[in-house]
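**Q** FYI, in full-length UniProt numbering the residues of the sequence shown are 1 to 361.
We put the CB at the ideal spot given by N, CA and C, even for glycine.
Please read all numbers here as calculations on a predicted model, not as lab measurements.
Before we start, here is the structure in question, set down as structure tokens.
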Amino acid sequence: MHDVVVVGAGPAGSRYARRAAENGLDVLAFEQGEVGEPLACSGHVSTDLWEFTEDAREELFQNEISGARFHTGGPGSDDHPFYKDEVISNVIDRVGLDRHLADLAREAGADLREHHTVVAVAEHRDHVTVEARGPDGDVETHRAKLVAGCDGPKSRVRRELGLPEPDELLHGVLGFDETPDHQDFVDVHLTVPRFFAWRIPRGEAGVEYGLAVPPGDDARERFEDFVAGYDADVTRRCSGLIPIGPPKRVTGSRSFLIGDAAAQTKPFTGGGILYGMTAADHAAREIDPSDPATLGEYERAWRDDLRGDIRLGHAVRAGYSVPKAVQKAGMKAFEGEIGVHMDRPSTLFSREQLKALLSRS
Numbered sequence: 001m002h003d004v005v006v007v008g009a010g011p012a013g014s015r016y017a018r019r020a021a022e023n024g025l026d027v028l029a030f031e032q033g034e035v036g037e038p039l040a041c042s043g044h045v046s047t048d049l050w051e052f053t054e055d056a057r058e059e060l061f062q063n064e065i066s067g068a069r070f071h072t073g074g075p076g077s078d079d080h081p082f083y084k085d086e087v088i089s090n091v092i093d094r095v096g097l098d099r100h101l102a103d104l105a106r107e108a109g110a111d112l113r114e115h116h117t118v119v120a121v122a123e124h125r126d127h128v129t130v131e132a133r134g135p136d137g138d139v140e141t142h143r144a145k146l147v148a149g150c151d152g153p154k155s156r157v158r159r160e161l162g163l164p165e166p167d168e169l170l171h172g173v174l175g176f177d178e179t180p181d182h183q184d185f186v187d188v189h190l191t192v193p194r195f196f197a198w199r200i201p202r203g204e205a206g207v208e209y210g211l212a213v214p215p216g217d218d219a220r221e222r223f224e225d226f227v228a229g230y231d232a233d234v235t236r237r238c239s240g241l242i243p244i245g246p247p248k249r250v251t252g253s254r255s256f257l258i259g260d261a262a263a264q265t266k267p268f269t270g271g272g273i274l275y276g277m278t279a280a281d282h283a284a285r286e287i288d289p290s291d292p293a294t295l296g297e298y299e300r301a302w303r304d305d306l307r308g309d310i311r312l313g314h315a316v317r318a319g320y321s322v323p324k325a326v327q328k329a330g331m332k333a334f335e336g337e338i339g340v341h342m343d344r345p346s347t348l349f350s351r352e353q354l355k356a357l358l359s360r361s
């Protein structure tokens, strides 16, 4: 009988597995394939990431970003710059991040097994059972006090246990041009219905292009048109789903969801690395596998921390769909130096942002 079985070893799953193991819990974690593969997420993150990685900056770092150019048209259109006189964010080796976090979980004592596909999950009165198919094709059944679903937008744990679905699933596409680019600005194009497209310079690693669209739109066709506008030589492509809008409940009787499985993402960018790992820390602090009632403490803790920023994030995203004339007028009024944190829209009302606005007078 394990204390907890963790399904999925992305950033949220590995972070929770590590913290739970450090707390003395018996943790068994499964990853369907090889950790970090296939890539389906951007590598553009706030500098807060380094608080979670234990001196891995030199290993994972690719480029520094100090601002963004917002466009209401495609490549080559007029832009509205927003920037700081300091580094706002970093671009990282996204696959390397997953592997590093998984290594930290193993070092803490978690039994993290790759190439294990979870095929069934069930809650019982005093335990859960998790069935996983290993690399040899055999199915193993494991018992635990709790199960943590950290298995992404189409979470098997969520479906098996009948937990509520995210409000929305966007279809994201990424592509990579290997031409080095050391610019310190990203480009954001508000040309995709209800979302946007982006260009992120990755230093010697090249350039990342991406976009996300609502269901039913043709993401691949839009992506090809977008990169053609930049005359980019994209040699590698990948795609995935982006969950938006956490459901009202991410816990069951002996289960809980973290990260993309719980749609703990920024509604205005779809990014979930920092939100997911923040929620993982709340789970490790609040949940006692011997007392399932503590699952409610986890629900309260992560929502109290992230609720305000998620709500404001929805308001920011709504601005992507207003008429172009309104977008341009708004961006023209606020472009320039900012004091906003890229993960926390609540900082739109911060002293730093007010100071930045007043400095333009």
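Answer with buried or exposed for H282, where buried requires no fewer than 16 other C-beta atoms within 10 angstroms of its C-beta.
**A** Within the sequence shown, numbered from 1, the residue matching residue 282 stands at position 282. That one is buried.
**Q** Use the C-beta contact count for D125: other C-beta atoms within 10 angstroms, 16 or more gives buried, fewer gives exposed.
**A** The residue given as residue 125 occupies position 125 in the sequence shown. The amino acid at residue 125 is misidentified as Asp; the sequence shows Arg. Exposed, by the Cβ-count rule.
**Q** What are the complete beta strand (DSSP E) segments, minimum 3 residues, inside the region 39 to 120?
**A** Those beta strand (DSSP E) runs which fall completely within the region 39 to 120 and span 3+ residues are 44 to 46, 61 to 65, 67 to 71, 79 to 83, 89 to 92, 111 to 113.
**Q** Look at the alpha carbon of D181 and the alpha carbon of H314, and state the distance between them as a whole number of angstroms.
**A** Within the sequence shown, numbered from 1, the residue matching residue 181 stands at position 181. Within the sequence shown, numbered from 1, the residue matching residue 314 stands at position 314. Rounded to whole angstroms, D181 to H314 spans 32 Å at the Cα level.
**Q** Threshold first: 3 residues or longer. Then list the beta strand (DSSP E) segments lying entirely within the region 179 to 211, N to C.
**A** Qualifying beta strand (DSSP E) stretches, in chain order: 185 to 189, 197 to 201.
**Q** Does the region 133 to 145 come into contact with the region 56 to 69, if we say contact requires no fewer than three beta-carbon pairs (one atom in each stretch) closer than 8 Å?
**A** No: the two stretches stay apart, fewer than three of their Cβ pairs being nearer than 8 Å.
**Q** Three or more C-beta pairs under 8 Å: does that hold for the region 73 to 91 against the region 104 to 122?
**A** These segments do not touch.
**Q** Secondary structure at G149, three-state DSSP: helix, strand or coil?
**A** Counting from one through the sequence shown, the residue named residue 149 turns up at place 149. It is a strand residue.
**Q** So V7 and V130 are in contact, right, with Cβ under 8 Å, and what is the actual spacing, rounded?
**A** Taking the first residue of the sequence shown as position 1, residue 7 is located at position 7. Taking the first residue of the sequence shown as position 1, residue 130 is located at position 130. Sure, about 7 Å apart at Cβ, within 8 Å.
**Q** Can you list, in chain order, the residues of its chain whose CB lies under 6 Å from that of S321, leaving out five sequence neighbours each side?
**A** Walking along the sequence shown from the start, residue 321 turns up at place 321. Counting only Cβ-Cβ distances below 6 Å, and skipping sequence neighbours, we find R194.
**Q** Just list the residues that DSSP pairs L25 with in beta bridges.
**A** Position 25 of the sequence shown holds residue 25. Answer is none; L25 lacks a bridge partner.
**Q** Please work out which residues of its chain come closer than 6 Å, Cβ to Cβ, to A29, disregarding the five sequence neighbours upstream and downstream, and give them in chain order.
**A** As a first step, residue 29 is located in the sequence shown; it is residue number 29 there, counting from the start. Correct list, in chain order: V6, A9, A17, A110, L112.
**Q** Where do the N-terminal and C-terminal ends of the beta strand (DSSP E) with V157 fall, by residue?
**A** Translated into positions along the sequence shown, residue 157 becomes position 157. First-last for V157: 156 to 160, but that is the alpha helix (DSSP H), not the beta strand (DSSP E).
**Q** Taking G296 as part of the alpha helix (DSSP H), name the residues at either end of that continuous run.
**A** Taking the first residue of the sequence shown as position 1, residue 296 is located at position 296. 295 to 318 is the span of the alpha helix (DSSP H), which, as asked, contains G296.
**Q** Which residue marks the beginning of the alpha helix (DSSP H) containing G172, and which one marks its end?
**A** Position 172 of the sequence shown, counted from the start, is the residue given in the question as residue 172. Element bounds for G172: not the alpha helix (DSSP H) but the beta strand (DSSP E), 168 to 177.
**Q** By the three-class DSSP mapping on this structure, what secondary structure does A144 have?
**A** For the purposes of this step, residue 144 is identified with residue 144 of the sequence shown, where counting begins at 1. Here A144 sits in strand by DSSP.
**Q** Could you give the residue range of the beta strand (DSSP E) that holds I242?
**A** Here residue 242 corresponds to residue number 242 of the sequence shown, with the count starting at 1. It spans 234 to 244 - the beta strand (DSSP E) in which I242 sits, taken as one unbroken run.
**Q** From V234 to L39, what distance separates their C-alpha atoms?
**A** The sequence position of residue 234 within the sequence shown is 234, counting from 1. The sequence position of residue 39 within the sequence shown is 39, counting from 1. Approximately 15 Å, taken between the alpha carbons.
**Q** To the nearest angstrom, report how far apart E22 and R15 are at their CA atoms.
**A** For the purposes of this step, residue 22 is taken as residue 22 along the sequence shown, with counting starting at 1. For the purposes of this step, residue 15 is taken as residue 15 along the sequence shown, with counting starting at 1. E22 and R15: Cα-Cα distance of roughly 11 Å.
**Q** Taking the alpha-carbon positions, what's the M1 to P289 distance?
**A** Residue 1 sits at position 1 when you count from the first residue of the sequence shown. Residue 289 sits at position 289 when you count from the first residue of the sequence shown. Each residue's Cα considered, the two are about 11 Å apart.
**Q** Going by DSSP, name the residue or residues bridged to G5.
**A** As a working mapping, residue 5 is identified with position 5 in the sequence shown. Note on residue identity: the sequence assigns Val, not Gly, to residue 5. For V5, which the question treats as bridged, DSSP gives the partners L28, V147.
**Q** Output the boundary residues of the alpha helix (DSSP H) element that contains A284.
**A** Working through the sequence shown from its first residue, we reach residue 284 at position 284. Unbroken alpha helix (DSSP H) run through A284: 273 to 286.
**Q** What is the DSSP secondary structure of S255, reduced to helix, strand or coil?
**A** Here residue 255 is taken as the residue at index 255 of the sequence shown, counted from 1. Of the three classes helix, strand and coil, the one that applies to S255 here is strand, per DSSP.
**Q** Using the rule of at least 16 other Cβ atoms within 10 Å of the residue's Cβ for burial, across every protein chain shown, is L295 buried or exposed?
**A** Residue 295 sits at position 295 when you count from the first residue of the sequence shown. By the neighbour-count rule (16 or more Cβ atoms within 10 Å), L295 is buried.
**Q** Should L354 be labelled buried (16 or more other beta-carbon atoms within 10 Å of its own) or exposed?
**A** Sequence index remark: in the sequence shown, residue 354 carries index 354 (1-based). Result: exposed.
**Q** Using alpha carbons as the reference points, say which of D138, T278, R159 lies closest to A122.
**A** On the sequence shown, residue 122 is found 122 positions in, with the first residue counted as 1. The residue with the shortest Cα to Cα distance from A122 is R159.
**Q** I want to know whether the region 328 to 336 touches the region 299 to 312 - three or more CB-CB distances under 8 Å.
**A** No: the two stretches stay apart, fewer than three of their Cβ pairs being nearer than 8 Å.
**Q** Going by beta carbon distance, what residues of the same chain come within less than 8 Å of V139, once the five residues before and after it are set aside?
**A** In the sequence shown, the residue the question calls residue 139 occupies position 139. Around V139: V119, E131, A132, R133.
**Q** Near D343, which residues of its chain fall below 6 Å by C-beta distance, leaving aside the five closest residues on each side in sequence?
**A** Translated into the one-based positions of the sequence shown, residue 343 becomes position 343. Answer for D343: S46, L274, listed in chain order.
**Q** The alpha helix (DSSP H) with R351 in it runs from where to where?
**A** For this step, residue 351 is matched to residue 351 along the sequence shown. 351 to 358 is the span of the alpha helix (DSSP H), which, as asked, contains R351.
**Q** What's the C-alpha gap between P153 and E337?
**A** Residue mapping note: residue 153 aligns to position 153 of the sequence shown, counting from 1. Residue mapping note: residue 337 aligns to position 337 of the sequence shown, counting from 1. Going by the C-alpha atoms only, they are around 35 Å apart.
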